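Engineer:
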Amino acid sequence: MVFKLIVWGGWGAILYTYVAFPIVLAALAANKRGRENHPLDRDFASVSWPNVALVVAAYNEENVIQDKLENCLSIDYPADRIRFYIGSDGSSDATNAILLSCSDSRLHATCFEQRRGKISVLNDLVASAEAEVIVFSDANTQLAIDSVKLLVQHFADPSIGCVSGELSYEQTGGGSDEGIYWKYENWIKRNESALGFLIGCNGGIFSLRRSLYEPPPTDTIVEDFVVSMKVLEHGSKVIIEPRARGVEPACASARLEMVRKIRIGAGNWQALRLNRGMLNPRHGLAAFAFWSHKVIRWLVPFFYLIALGALIPLLHERMYAGLFALNVAGVLFSCVASVPMVGNRLPKVLRAGAYFFMMNYALLVGFFRYMQGSQRVTWDRGR
6 MVFKLIVWGG
16 WGAILYTYVA
26 FPIVLAALAA
36 NKRGRENHPL
46 DRDFASVSWP
56 NVALVVAAYN
66 EENVIQDKLE
76 NCLSIDYPAD
86 RIRFYIGSDG
96 SSDATNAILL
106 SCSDSRLHAT
116 CFEQRRGKIS
126 VLNDLVASAE
136 AEVIVFSDAN
146 TQLAIDSVKL
156 LVQHFADPSI
166 GCVSGELSYE
176 QTGGGSDEGI
186 YWKYENWIKR
196 NESALGFLIG
206 CNGGIFSLRR
216 SLYEPPPTDT
226 IVEDFVVSMK
236 VLEHGSKVII
246 EPRARGVEPA
256 CASARLEMVR
266 KIRIGAGNWQ
276 ALRLNRGMLN
286 PRHGLAAFAF
296 WSHKVIRWLV
306 PFFYLIALGA
316 LIPLLHERMY
326 AGLFALNVAG
336 VLFSCVASVP
346 MVGNRLPKVL
356 RAGAYFFMMN
366 YALLVGFFRY
376 MQGSQRVTWD
386 RGR
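Numbered as in my numbering, the sequence shown ends at 388 without a single skipped number.
Set out below in structure tokens:
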């Protein structure tokens, strides 16, 4: 009986975080939308635009930095109220030369000699920026021309402290089904946003009040998550503006995609420590969402392995023997499906199942990387 409880308890936790919680969240969001008007249709002409600093940390981005500069300078925002702060984190390619060749007075380029990591650069850039609102972006993210206005308009509401845009990936490789998963995540994010507590922003496009920026430690791995959660912890709302769009290229290979996921997995465990204040029930529904959407989901690899192990003493029962065989087959299938030549030919439902296994494998490896302190804060895109 004990082993059966472990099996169904573990799988129940998995079903809760991936299925039951999103349904409960959607119901809560629908109820609130029915009682309130969502402030998305504000006329741009009536907005008093604050000073904005758009900050970017770059390392060896010679392939994309010129496009990023052109993208920044094309953004539709009052020219006298926006500045672009781009920091080169000890780049050894042509990134510095490209940045320094730009003569636009709105650009403030800083070429750091020593490579320290993204968050150290961002902390320095924010400290030097003279602006009421900070917009964060990545060197390889292309922002829609109206994205900054769409983000910044929400700060007319004093209760809002952070606004995320919506990021999409160019599906040019990687051998996973991240497209389906990203749509599922965006659906959850929009429902959280409707309730005022978006759990985690998109690092390629998000904004916050400068007064609410709490510089994360210099070894922070997933700074976008940590920074936005600190805003929630201080009692301000964090929302998403789905019309503010950003586009990034997908990882160039399945191997690089897995490296990225493992790095994020390690960063998630670190964020649990840095944002532990949000675990406190005094934060109400926001704490409930943090537990349900993130913390329990990060624990899924352990729930799954414990439940799988608990099946072993039950193999004498046909049903549990079948479940064990089915799960082992699923793990083996996910390994085969992760190969692009195979995975890209599979139906979407099967690819999504394989993606689930690989994502949780990355979380598990990331956990051990974090516990061992072996995950570097610096990052090579490997283009």
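Just so it is clear, CB atoms sit at the ideal spot from N, CA and C, and this is done for glycine as well.
The structure presented is a predicted model; accordingly, all values stated were derived computationally and were not measured.
Give the DSSP-derived three-state secondary structure of residue 288 in the structure shown.
Structural biologist: helix
Engineer: Sort 372, 134, 76, 165 by Cα distance to residue 239 and report the nearest one.
Structural biologist: 165
Engineer: Answer with buried or exposed for residue 119, where buried requires no fewer than 16 other C-beta atoms within 10 angstroms of its C-beta.
Structural biologist: exposed
Engineer: If you scan the region 103-191 from start to end, which runs of the alpha helix (DSSP H) of 4 or more residues do you find wholly inside it?
Structural biologist: Entirely contained in the region 103-191, the alpha helix (DSSP H) runs reaching 4 residues are, in chain order, 123-133, 152-157.
Engineer: Using only alpha-carbon positions, find the residue among 15, 272, 205 that is nearest to residue 377.
Structural biologist: 272
Engineer: Would you identify the three-state DSSP class for residue 232, choosing helix, strand or coil?
Structural biologist: Correct three-state label for residue 232: helix.
Engineer: Can you grab the Cα-Cα spacing for the pair residue 194 / residue 245, in whole Å?
Structural biologist: 7 Å
Engineer: Nearest to residue 108 by alpha carbon, out of 302, 74, 313?
Structural biologist: 74
Engineer: Evaluate residue 17 with the Cβ neighbour count: other Cβ atoms within 10 Å of its Cβ, from every protein chain shown; 16 or more gives buried, anything less gives exposed.
Structural biologist: exposed
Engineer: For the beta strand (DSSP E) holding residue 242, just list the boundary residues, first then last.
Structural biologist: 242-254
Engineer: Taking only the alpha-carbon atoms, compute the straight-line gap between residue 21 and residue 67 and give it to the nearest angstrom.
Structural biologist: 44 Å
Engineer: To the nearest angstrom, how far is it from the Cα of residue 85 to the Cα of residue 139?
Structural biologist: 15 Å
Engineer: What are the complete beta strand (DSSP E) segments, minimum 3 residues, inside the region 44-86?
Structural biologist: Entirely contained in the region 44-86, the beta strand (DSSP E) runs reaching 3 residues are, in chain order, 57-63.
Engineer: With a CB to CB cut of under 8 Å and the five nearest residues on each side skipped, what residues in its chain are close to residue 45?
Structural biologist: Legend: pLDDT at residue 45 = 49, less than 50; position of this residue unreliable, value from coordinates given subsequently. 246, 248, listed in sequence order.
Engineer: Given a cut-off of 8 Å on the beta-carbon distance, is the pair residue 270 and residue 136 in contact?
Structural biologist: no
Engineer: What residue does the alpha helix (DSSP H) around residue 268 start on, and which one ends it?
Structural biologist: 259-279
Engineer: For residue 302, which option in 364, 316, 332, 340 has the closest C-alpha, if you only look at C-alpha atoms?
Structural biologist: Of the candidates 364, 316, 332, 340, 364 places its Cα closest to the Cα of residue 302.
Engineer: Candidates 264, 200, 219: which alpha carbon is nearest residue 125's?
Structural biologist: From the listed residues 264, 200, 219, the smallest Cα separation to residue 125 is found for 219.
Engineer: Taking contact to mean 3 or more Cβ pairs, one atom from each stretch, closer than 8 Å, check whether the region 160-174 and the region 80-95 are in contact.
Structural biologist: no
Engineer: Tell me which same chain residues have a C-beta within less than 6 Å of the C-beta of residue 251, skipping the five on either side of it?
Structural biologist: 146, 148, 170, 172, 209, 210
Engineer: Please report whether the beta-carbon of residue 362 lies at a distance below 8 Å from any beta-carbon of chain C.
Structural biologist: The structure shown contains no chain C; it is built from a single protein chain.
Engineer: Helix, strand or coil for residue 374? Go by DSSP, reduced to three states.
Structural biologist: helix
Engineer: Determine, using beta carbons only, whether residue 243 and residue 340 come nearer to each other than 8 Å.
Structural biologist: no
Engineer: Per DSSP, what kind of secondary structure is residue 237 in: helix, strand or coil?
Structural biologist: helix
Engineer: Measuring straight from C-alpha to C-alpha, what distance separates residue 36 and residue 27?
Structural biologist: 14 Å
Engineer: Alpha helix (DSSP H) containing residue 211: first to last residue?
Structural biologist: Premise fails: residue 211 lies in the beta strand (DSSP E), 210-214, not in any alpha helix (DSSP H).
Engineer: Under a three-way DSSP split, which group does residue 92 fall into?
Structural biologist: strand
Engineer: So, residue 314 versus residue 335, is the Cβ gap smaller than 8 Å?
Structural biologist: no
Engineer: Nearest by alpha-carbon distance to residue 30: which of 99, 191, 61 is it?
Structural biologist: If you compare the alpha carbons of 99, 191, 61 with that of residue 30, the shortest gap goes to 191.
Engineer: Terminal residues of the continuous alpha helix (DSSP H) containing residue 392?
Structural biologist: Residue coverage of the chain in this structure runs from 6 to 388, which leaves residue 392 outside it and unanswerable.
Engineer: Mark residue 134 as exposed unless 16 or more other C-beta atoms lie within 10 angstroms of its C-beta, in which case mark it buried.
Structural biologist: buried
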